[in-house]
Amino acid sequence: MNFRSLIYYLGWFNIPLIGLCLLTIIFSYYSGHETAINSYYIVLFISSFFYF
2 MNFRSLIYYL GWFNIPLIGL CLLTIIFSYY SGHETAINSY YIVLFISSFF
52 YF
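Under our numbering, the letters of the sequence shown match residues 2 to 53, in that order.
Right, here's the structure in full:
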């Protein structure tokens, strides 16, 4: 991971990150704690595609 891609990721993808965090909070609120832990891994996996 480059330092430039980190700036690009934090600069241009702030709004999708906030949306993904809100989706995980809403999804973990309606589902149990076991699936909430899995949903955080899914969102981290989805947000990793924004690097490339």
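No residue lacks a Cβ here, since even glycine has one placed at the ideal position from N, Cα and C.
Check: Rounded straight-line distance, which links the Cα of residue 5 to that of residue 28; Outcome: 32 Å
Check: Residue 25 vs residue 49 beta-carbon contact at 9 Å; Outcome: no
Check: Sub-9 Å separation of residue 47 and residue 23 beta-carbons; Outcome: no
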